[in-house]
Every structure is written in structure tokens, then in C-alpha cells.
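Quick note, the sequence shown lines up with residues 241 to 567 if you use this note's numbering.
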Amino acid sequence: MPTRSSRSSPAIRRGCWDGRRAQARPPSVTARPAQGAESGRASVAARWGFLFVLPILILFVAFKFWPILYAVWLSLTNTSPVSHTADFVGVDNYVKLGGDPQFIRALTITGYYVVGTVAPVVLIALAIALLLNQKIKGRGLFRVLLFFPAIIPIIVVPILWQFLFHPYGLVNSAIFQPLGFDPINWLTSTDSVVPAFIISTSWRIIPLCIVIFLAGLQGIPEDLYEAAKVDGASMPQRFRYVTIPRLKPTILVVVVFAVTLTAKNLVFMLVMTNGGPDNASRTLSLFIYDVGFRFSRVGYASAAAMLLLLVIVAITAISLRIFRTDD
Numbered sequence: 241m242p243t244r245s246s247r248s249s250p251a252i253r254r255g256c257w258d259g260r261r262a263q264a265r266p267p268s269v270t271a272r273p274a275q276g277a278e279s280g281r282a283s284v285a286a287r288w289g290f291l292f293v294l295p296i297l298i299l300f301v302a303f304k305f306w307p308i309l310y311a312v313w314l315s316l317t318n319t320s321p322v323s324h325t326a327d328f329v330g331v332d333n334y335v336k337l338g339g340d341p342q343f344i345r346a347l348t349i350t351g352y353y354v355v356g357t358v359a360p361v362v363l364i365a366l367a368i369a370l371l372l373n374q375k376i377k378g379r380g381l382f383r384v385l386l387f388f389p390a391i392i393p394i395i396v397v398p399i400l401w402q403f404l405f406h407p408y409g410l411v412n413s414a415i416f417q418p419l420g421f422d423p424i425n426w427l428t429s430t431d432s433v434v435p436a437f438i439i440s441t442s443w444r445i446i447p448l449c450i451v452i453f454l455a456g457l458q459g460i461p462e463d464l465y466e467a468a469k470v471d472g473a474s475m476p477q478r479f480r481y482v483t484i485p486r487l488k489p490t491i492l493v494v495v496v497f498a499v500t501l502t503a504k505n506l507v508f509m510l511v512m513t514n515g516g517p518d519n520a521s522r523t524l525s526l527f528i529y530d531v532g533f534r535f536s537r538v539g540y541a542s543a544a545a546m547l548l549l550l551v552i553v554a555i556t557a558i559s560l561r562i563f564r565t566d567d
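Now the structure itself:
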């Protein structure tokens, strides 16, 4: 049986404390190498991640960023492959564009074309996406059929619509003539040529927008709708207070996507009318093509392209402000 002196001995207590300290030291010493190993592994993973991303960055700089910078430089020159000139002229090209009636008209036609296309595209695509998001029979088949216009080669679409918009084509014979209207010269009348492009372009990009909307709708938690039903919210109220707020980022993506595709659309105008009749369908993209490739005024065309880019960026900024969320 231990005595009181042995239990209260300072040496023993100090030895026990030293023992506890000796036992407590190794974990603190071994924890540092573990932390160092974790940071080392993270550093190696970061290097490998950068190496995997590097090819994409190189491609982006080579085929996206650098061409934009080069186009900005060209817009400040009078570059022409015909006259072999490339003198720096500053902002003269931009000043001339401001007083060019052909550019102003092309910009006006582009605005009419973009607004007339994007507004119905967003509304129609959203309505169809809401329908296909419901649990209806055969919705998988409907999704495949609706996506069909988006997989047709882009050069085939305007050729197809040329036949459809013929005075005796399917649009007139199946829709307007049964209603008692005379055949409409869609592509040869200055009044109907832009609406014809609005219809054909909408037919092309609506399926793509439907897919984007479906992705956004399926990302909304079903619990929110169930809670709204429990609270007595009607279907319009659920759409207004649940669907729309949660779908704002998706609407923004669709608007920017549709604006970009429409504003840059060149193939339809080039194939279907080549800007006619009387330049009534000469949009800004076709104006840039004509000036740059037909008249070899590369610097002037680059300035017009930069202004088109600024217009798209401005529309994107406005859309960001309209559809911003508080999340």
C-alpha cells in the first residue's frame, strides 16, 4: 500500500507531469508533417488541374481573345487587301459609321429583327417548356420531335424556308389561302421580308431555348410547389411567386443566347435574299460581310463589328439588371 509521502512526492508528480507532457508532444510533432503533406497534395492537384485546363485556355486565347484584340486594332486602321494599305486612322472609321446612312439603316433593321425574334422566342419556348415539364403521356417523344429543327444543318434551314415562303409554297397554300388571303410575296416584298426572317429564325432557335428552360424548371425543388399548394396558392400564383423568381437566371441565359444568335445571323440573309429587296433585309451582320469581303474595306468592317459587339454587350448588361436576383 503506498504511503502518503509517495503519493504526494513532488518528484513523482513532476515525473507524471513530465510523462504526460512526453506523451502529449508526439501528436503535435506528427500533426505538422500531416498538414504539410495535405498542402503538398493540394498543390500537386492544383498543378495538374491547371495543366488539364491549359489547352482550353490556349485555344480560347488563340481563337477568341486574340481575334477580338486584332479586330479592335483593325478598326483603328484603313486596312484593305486590295490597296495594300494599313495606316492608323484612329477613330475615323467610327466617326464615318455615325454618318453612314447604310450603316444606320442596317442597325435599325437589326434592332427590328432582334426584338421581333427574341420576344416571341422567349415566350413560346417558356410556354412549351412548362408544358413538357408536366407529367404527360408521350412527353419524351414530343421533346425529341421539337428538337428536330435544331439538328438540321444551318445551311439547309434557309433553303428550306425559301421553298416554304414561295408565293405558292406551304405557308401561303396551307395557312393564308384557306383563310381567303391572296398569296404573300414574303421574300420579295419590303414589308414582309423581315417578318419572314423572324419566323424562320424563331423556328430554328426555339428548340434550343426549350432545352435551356427545361433544365431550369427541373432545377426548381418540388417541395416549393407542394408548400405553395398547402398554403392555398393557385396555379398562376405558383407560377408568379415560385417559378418566375427561381427561373430568372435561366431567362437571362435564354435572352442573351437568343440575342447573340439573332444579331450575328448571316446565313439566312445571305442565302434567302442577299439583303434584298432594296436592302430591306440587310442586317448589320450582312453589312459587315459586304463591306469587309465584297468591298475589301476591312478596317471599316471591323469598326462596324466592334459596334455590333458593343450592342450585344449592352443588351446583356440590361438583361442582367432586369433579371438579377437577390440570392
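Ideal Cβ placement from N, Cα and C applies to all residues, glycine included. Bear in mind the structure is a predicted one, so any value in this text is a computation, not a measurement.
Notebook entry, point to check: Below 8 angstroms, can you find three or more Cβ-Cβ pairs linking the region 439 to 452 to the region 488 to 508?
Noted result: yes
Note to self: With three or more C-beta pairs closer than 8 angstroms as the rule, is the region 529 to 548 touching the region 330 to 343?
What the structure shows: yes
Check: Identify the residues that DSSP records as bridge partners of Thr325: which are they?
Finding: Ser320
Check: Closest to Asp327 by CA distance: which of Asn318, Val335, Tyr334 is it?
Finding: Asn318
Notebook entry, point to check: Of the residues Phe305, Pro407, Ser315, which one's Cα is nearest the Cα of Arg537?
Noted result: Ser315
Next item on the list: Answer with buried or exposed for Ser474, where buried requires no fewer than 16 other C-beta atoms within 10 angstroms of its C-beta.
Entry: exposed
Margin query: Spatial neighbours of Ala468 within its chain, please: C-beta separation below 6 angstroms, excluding the five flanking residues on both sides.
Written below: Counting only Cβ-Cβ distances below 6 angstroms, and skipping sequence neighbours, we find Arg478, Val482.
Margin query: Quick check: what's the CA-CA separation for Ser323 versus Ser432?
Written below: Distance between the alpha carbons of Ser323 and Ser432 is about 39 angstroms.
Margin query: Tell me the rounded alpha-carbon separation between Arg561 and Leu419.
Written below: 43 angstroms
Next item on the list: In the DSSP assignment, find the alpha helix (DSSP H) that holds Phe421 and state where it starts and stops.
Entry: Where Phe421 is concerned, there is no enclosing alpha helix (DSSP H), given that its DSSP letter is neither H nor E.
Next item on the list: Could you please give the first and the last residue of the uninterrupted alpha helix (DSSP H) stretch that includes Pro307?
Entry: Unbroken alpha helix (DSSP H) run through Pro307: 306 to 315.
Checklist line | Nearest to Met509 (by Cα), restricted to the options Leu549, Pro435, Leu337 | finding: Pro435
Next item on the list: List the endpoints of the continuous alpha helix (DSSP H) containing Pro447.
Entry: 433 to 458
Checklist line | Own chain partners of Pro321 with C-beta closer than 6 angstroms, once the 5 adjacent residues on each side are dropped | finding: Ser536
Next item on the list: Spatial neighbours of Phe388 within its chain, please: CB distance less than 8 angstroms, with the 5 preceding and 5 following residues excluded, ordered by chain position.
Entry: Pro447
Notebook entry, point to check: Touching or not, the region 328 to 337 and the region 405 to 420, by the rule of three or more beta carbon pairs under 8 angstroms?
Noted result: no
Next item on the list: Could you say which of Ile450, Ile415, Trp426, His406 lies nearest to Pro360 if we only look at CA atoms?
Entry: Ile450
Note to self: Between the alpha carbons of Pro398 and Ala520, how many angstroms are there, rounded?
What the structure shows: Straight-line Cα distance between these residues: approximately 17 angstroms.
Notebook entry, point to check: Any idea if Phe527 is buried or exposed, counting beta-carbon neighbours within 10 angstroms, 16 or more meaning buried?
Noted result: By the neighbour-count criterion, in which a residue is buried when 16 or more other Cβ atoms sit within 10 angstroms of its Cβ, Phe527 is buried.
Check: Once you ignore the five residues that flank Ile460 on each side, which residues in its own chain have a CB closer than 6 angstroms to its CB?
Finding: Arg486
Checklist line | Where Gly339 falls: helix, strand or coil (DSSP) | finding: coil
Check: Are at least three pairs of beta-carbons, each pair with one atom in the region 403 to 415 and one in the region 351 to 370, less than 8 angstroms apart?
Finding: no
Check: Residues in its own chain within less than 6 angstroms of Gly472 by CB, not counting five upstream and five downstream?
Finding: none
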